[in-house]
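Visitor:
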Amino acid sequence: VAPLFISVYLILCLRLCLCSLCASSRSGNLIFKKKMFISGIQMVLISGGEFLMGTDDPGIPADGEGPQRPVYVDSFYMDVQEVTNQQFQSFVRASGYVTEAEKFGDSFVFEGLLSESVKNEITQAVAAAPWWLPVKGANWRQPDGPDSNITDRLDHPVLHVSWADAVAYCSWFNKRLPTEAEWEYACRGGLKDRLYPWGNKLNPKGQHYANLWQGDFPNSNSGEDGYIKTSPVMSFRANGFGLYDMVGNAWEWTSDWWTVHHTTEKQQNPTGPPSGTDKVKKGGSYMCHKSYCYRYRCAARSQNTPDSSASNLGFRCVSQERW
Ligand SMILES: *[C@@H]1O[C@H](CO)[C@@H](O)[C@H](O)[C@H]1NC(C)=O
Ligand SMILES: [Ca+2]
Ligand SMILES: [Ca+2]
Numbered sequence: 222v223a224p225l226f227i228s229v230y231l232i233l234c235l236r237l238c239l240c241s242l243c244a245s246s247r248s249g250n251l252i253f254k255k256k257m258f259i260s261g262i263q264m265v266l267i268s269g270g271e272f273l274m275g276t277d278d279p280g281i282p283a284d285g286e287g288p289q290r291p292v293y294v295d296s297f298y299m300d301v302q303e304v305t306n307q308q309f310q311s312f313v314r315a316s317g318y319v320t321e322a323e324k325f326g327d328s329f330v331f332e333g334l335l336s337e338s339v340k341n342e343i344t345q346a347v348a349a350a351p352w353w354l355p356v357k358g359a360n361w362r363q364p365d366g367p368d369s370n371i372t373d374r375l376d377h378p379v380l381h382v383s384w385a386d387a388v389a390y391c392s393w394f395n396k397r398l399p400t401e402a403e404w405e406y407a408c409r410g411g412l413k414d415r416l417y418p419w420g421n422k423l424n425p426k427g428q429h430y431a432n433l434w435q436g437d438f439p440n441s442n443s444g445e446d447g448y449i450k451t452s453p454v455m456s457f458r459a460n461g462f463g464l465y466d467m468v469g470n471a472w473e474w475t476s477d478w479w480t481v482h483h484t485t486e487k488q489q490n491p492t493g494p495p496s497g498t499d500k501v502k503k504g505g506s507y508m509c510h511k512s513y514c515y516r517y518r519c520a521a522r523s524q525n526t527p528d529s530s531a532s533n534l535g536f537r538c539v540s541q542e543r544w
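My numbering numbers the first residue of the sequence shown as 222 and each following residue consecutively.
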């Protein structure tokens, strides 16, 4: 028995040594390694390929979900999860970054999240979407307004980050935001022409596959999927590529400018229009219900001005190199 133990022990040691050797030769840059440690986000390789982007059967035609078109994307690495409060906090502590919502002094919060005292102080609202209220002191540290905090939700997606904030975070880690094409390719998880990252049924076998809204929007949320607000990232099962919360939980910024016009010709690594007023966001959020926001489909899309921030909008990063 003893020789067996010794040989197993030796093999284990050898493997450990070899692994640490390859790790250090892969990335000689110490700062880079430190940042990698701070990030704490696992990435997966999304192998490049061709897919059908958009749909010919749009749930919301005005959003420019169609036409369905062949698109090729190169391989890239993607964060398996939305960036969390804790990860954003580590970035802020190390870099001293200040978000746009903190500079502006306010951000948009869903009415249902606010305390009565905060709600009573607000006089303006968005006519088309009265459930969105501009709240003084709302930002990523105080996501439900000035009397809230993130201590009990460090593992939830960071919210109230503008497009520039998301870009700043990704850049700091030598990453970037995904293009809309990359995001949608990743969302589909290798499935062809399906609505959701897992298929065409919203609740296969009565199970919830994403954090969405159940009930009567915006008045009552039954929380049947377990969550009325955001959920800890990776609370629902991953798609075929190992990615979590691609639809639902928090909306996710992409790098593309918004347009509703798309060519049907095959494209390689499309990056969207060269300029615009709004950026594309994908995936819908915990606030999405079919009745008013049927946007938790891979082909679905929406837009915000790059300086916008809200209590349902976050992001994840991608990169060309693994690290
Ligand atoms: C954070 O908010 C909770 C209530 O959600 C409160 O009990 C707690 O005291 C707050 N913590 C800080 C540091 O403000
Ligand atoms: Ca929910
Ligand atoms: Ca999401």
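Ideal Cβ positions, reconstructed from N, Cα and C, are used throughout, including at glycine. The structure displayed is predicted, hence computed values, not measured ones.
With a threshold of 7 Å, establish whether the CB of Ala471 neighbours any heavy atom of ligand 3.
Guide: yes
Visitor: Would Gln302 be called buried (16 or more neighbouring beta carbons within 10 Å of its own) or exposed?
Guide: buried
Visitor: So, for Tyr417: in the same chain, excluding its five sequence neighbours on each side, which residues have a beta-carbon less than 8 Å away from its beta-carbon?
Guide: Leu423, Tyr430, Ala431, Val468, Tyr517, Arg518 and Cys519
Visitor: What three-state label does DSSP hand Leu334 in the structure shown?
Guide: helix
Visitor: Note down the Cα distance separating Glu323 from Ala359, rounded to an integer number of angstroms.
Guide: 8 Å
Visitor: Locate the alpha helix (DSSP H) running through Ser392, then write down its first and last residues.
Guide: That run of the alpha helix (DSSP H) goes Trp384 to Trp393.
Visitor: Taking 7 Å as the cut-off, is the C-beta of Thr372 nearer than that to any heavy atom in ligand 1?
Guide: yes
Visitor: Assign Cys538 to one of two classes, buried (16 or more other C-beta atoms within 10 Å of its C-beta) or exposed (fewer than that).
Guide: buried
Visitor: If you draw a straight line from the alpha carbon of His483 to that of Gly411, how long is it in whole angstroms?
Guide: 22 Å
Visitor: Using the Cβ count rule (16 or more neighbours within 10 Å means buried), how would you classify Leu242?
Guide: Confidence is the limiting factor: at Leu242 the pLDDT is only 46, short of 50, which leaves the residue's position unreliable, though a coordinate-based value still follows. Counting Cβ neighbours within 10 Å, Leu242 comes out exposed, since fewer than 16 surround it.
Visitor: How would you label Arg247, buried or exposed, when you count the other beta carbons within 10 angstroms and need 16 or more for buried?
Guide: Low confidence applies to Arg247: its pLDDT is 49, below 50, so where it sits in the model is not reliable enough to give any reading.
Visitor: May I ask you to list the residues that DSSP assigns as paired with Gly270?
Guide: For Gly270, which the question treats as bridged, DSSP gives the partners Val294.
Visitor: One question on the structure: do Ser383 and Pro527 come within less than 8 Å of each other, judged by their Cβ atoms?
Guide: Going by beta carbons, Ser383 and Pro527 fall inside the 8 Å limit.
Visitor: Helix, strand or coil for Gln524 per DSSP?
Guide: strand
Visitor: At what residues does the beta strand (DSSP E) containing Ser476 begin and finish?
Guide: Trp472 to Trp478
Visitor: What residue does the beta strand (DSSP E) around Lys500 start on, and which one ends it?
Guide: Lys500 to Lys503
Visitor: Quick one: Cα of Leu380 to Cα of Ala531, how far?
Guide: If you take the alpha carbons of Leu380 and Ala531, they lie about 7 Å apart.
Visitor: With DSSP collapsed to three states, give me the class of Ala349.
Guide: coil
Visitor: Any chance the CB of Gly504 is under 7 Å from a heavy atom of ligand 4?
Guide: Among the ligands modelled here, namely ligand 1, ligand 2 and ligand 3, ligand 4 does not occur.
Visitor: Any idea if Ala346 is buried or exposed, counting beta-carbon neighbours within 10 angstroms, 16 or more meaning buried?
Guide: exposed
Visitor: Give every residue of the same chain whose Cβ lies closer than 8 Å to the Cβ of Lys256, excluding the five residues on either side of it in the sequence, and list them in chain order.
Guide: Ala315, Trp393, Phe394 and Asn395
Visitor: Please determine whether the Cβ atom of Trp352 lies at a distance below 7 Å from any heavy atom of ligand 2.
Guide: no
Visitor: Just confirm the distance between the C-beta atoms of Gly535 and Glu473, as a whole number of angstroms; I'd bet it's less than 8 Å.
Guide: 6 Å
Visitor: Of the residues Ser506, Pro282 and Glu332, which one's Cα is nearest the Cα of Leu354?
Guide: Selected option, being the one with the closest Cα: Glu332.
Visitor: When you compare each of Pro453, Tyr406 and Ile281 to Ser573 by their alpha carbons, which one comes out closest?
Guide: No information on residue 573 is available, as it lies outside the stretch 222 to 544 that the chain covers here.
Visitor: Nearest-angstrom Cα distance between Ser456 and Leu375?
Guide: 14 Å
Visitor: Distance check for Gly285 and Ser245, CA to CA, integer angstroms please.
Guide: Unreliable positioning characterises Ser245 in this predicted model, as indicated by a pLDDT of 46, which lies under 50. The coordinate reading is nonetheless provided below. So the alpha carbons of these two residues sit roughly 46 Å apart.
Visitor: Tell me the DSSP secondary structure of Asp327 in three-state form.
Guide: strand
Visitor: Hey, how far is the Cα of Val501 from the Cα of Ser476?
Guide: 7 Å
Visitor: Report all residues from its chain with a CB closer than 8 Å to the CB of Val265; omit the five preceding and five following residues, and keep chain order.
Guide: Tyr298, Met299, Val301, Phe462, Gly463 and Leu464
Visitor: Per DSSP, Ala531 forms a beta bridge with which residues?
Guide: Phe329
Visitor: Rounded to the nearest angstrom, how far is the Cβ of Ser452 from that of His377, given a contact under 8 Å?
Guide: 7 Å
Visitor: Please report the distance separating the alpha-carbon of Gln310 from that of Ala389.
Guide: 13 Å
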